[in-house]
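FYI, in my numbering the residues of the sequence shown are 66 to 317.
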Amino acid sequence: MKNTLGVIPARMSSSRFPGKPLESILGIPMLAHCFERALISNSCDHLVIATPDIEILDWANSYQIPVVLTSDDHERATERAAEVIEILETKGDFFEYVLLLQGDEPQINPDDILKLKNAFNEFDSEVINLIFPIKKNEMSDENVVKAIVSSSNKIQFFSRAHIPYESDEGIRQLGMIGFTNQALKLYVNLEMTELEILESIDMMRFLENDIEIQGVFSSSPILGVDRPKDIQKVEEIMTNDTYFHIYKEKYI
């Protein structure tokens, strides 16, 4: 059994931003930024894009990027990652851990991907989710998934709604989640839960079934792309980004 698989789910259909994965950021498709930065982290024995879309499949193949074509029926990125495991295992490829990354977080820090992987050596948990502090002005933003954690940073609850914290800083969930092989397979065998559906948060399925999620603070925030207007913010920051200049010539 190999150690770690990295999965970047991506699909073209998005109510707020159709075609988002292949949207250009400084002349490079957003998905390419996500893939290359995960590659730089050197955290995965195998790294793949998981998509139901032929357009993304063709793009990935044109750059010789590993890609797995998945079902279009998944409502959750976690379910798509679980299908990747199933497909790869039928081909004889087995992995002990799976790192679920995101195809709409082009500024992901490679150091944080490595931190997520190494957390399995530090914590006795089958599910690990990176988290990060947020400021007061983000606490009412429904695009920001807030987290309540214990004194040992175990996740107690997630919500998109405003959560009253004692201080002016709260905690947000990041879209970087690590699973043991067993935990990921368990996820798809559990029924969708009431709060998972209400909040549209994958990990509520684990919490509502009393399955522990260990929170680990990332070293840096991640600016995701939810709407077209977010592209400009990302480009302004990425222009001087060290990692961008490592891989940009592959695509430009």
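C-beta: ideal position from N, C-alpha, C; glycine also. From a predicted model like this one, the values you see are computed outputs, not experimental measurements.
Do you know how far the Cα of residue j is from the Cα of residue i?
i      : j      : result
Asn218 : Phe188 : 11 Å
Met95  : Glu273 : 33 Å
Val133 : Leu122 : 8 Å
Phe159 : Leu112 : 13 Å
Ile213 : Leu260 : 15 Å
Glu264 : Lys201 : 20 Å
Ala103 : Leu87  : 17 Å
Phe222 : Met269 : 8 Å
Lys156 : Thr135 : 15 Å
Glu154 : Ala248 : 15 Å
Thr69  : Asn186 : 13 Å
Ala97  : Glu314 : 12 Å
Cys99  : Leu165 : 12 Å
Ile130 : His139 : 22 Å
Thr286 : Glu301 : According to the sequence as given, residue 286 is Pro; it is not Thr. Taking the straight line from one Cα to the other gives about 15 Å.
Asn180 : Asp275 : As written in the sequence, residue 180 is Lys, which differs from the Asn given in the question. Whole-angstrom Cα-Cα distance: 25 Å.
Pro117 : Ala147 : 14 Å
Ile196 : Glu234 : 13 Å
His310 : Ser79  : 29 Å
Glu207 : Tyr128 : 35 Å
Pro74  : Asp169 : 9 Å
Ile262 : Asn194 : 19 Å
With the cut-off set at 8 Å, would you say residue i and residue j are in Cβ contact?
i      : j      : result
Ile178 : Ser232 : no
Phe271 : Val209 : no
Pro175 : Val299 : no
Pro198 : Ile236 : yes
Val163 : Ile150 : yes
Val72  : Ala125 : no
Gln167 : Gly84  : no
His227 : Met257 : no
Ser190 : Lys211 : no
Thr245 : Glu120 : no
What distance in whole Å lies between the Cβ atoms of residue j and residue i, which are believed to be in contact at a cut-off of 8 Å?
i      : j      : result
Arg76  : Asp291 : Not a contact, Cβ separation roughly 14 Å.
Lys67  : Asp110 : 4 Å
Lys182 : Ser284 : In fact, because the Cβ distance is near 14 Å, the residues do not count as touching under 8 Å.
Ile266 : Gly92  : That pair is no contact at about 34 Å.
Ile296 : Ile90  : 6 Å
Glu101 : Tyr230 : So it is not a contact: roughly 35 Å between Cβ atoms.
Would you say residue i touches the ligand ADP, meaning its beta carbon is less than 7 Å from a heavy atom?
i      : result
Asp306 : This structure does not include the ligand ADP; it has no bound ligands of any sort.
**Prompt:** For the region 240 to 251 against the region 299 to 316, are there 3 or more C-beta pairs whose distance is under 8 Å?
**Reply:** With the cut-off at 8 Å, the region 240 to 251 and the region 299 to 316 do not touch.
**Message:** With three or more beta-carbon pairs closer than 8 Å as the criterion, would you say the region 201 to 219 touches the region 273 to 293?
**Reply:** Touching, yes.
**Item:** Three or more C-beta pairs below 8 Å linking the region 252 to 270 and the region 137 to 147
**Value:** The region 252 to 270 vs the region 137 to 147: in contact.
**Item:** 4-residue-minimum alpha helix (DSSP H) runs that sit fully inside the region 204 to 233, ordered along the chain
**Value:** Listed in chain order, there is nothing to give.
**Message:** Going residue by residue through the region 101 to 160, where are the continuous alpha helix (DSSP H) segments of at least 4 residues, counting only ones entirely within it?
**Reply:** Fully enclosed alpha helix (DSSP H) runs of 4 or longer: 119 to 127 and 142 to 155.
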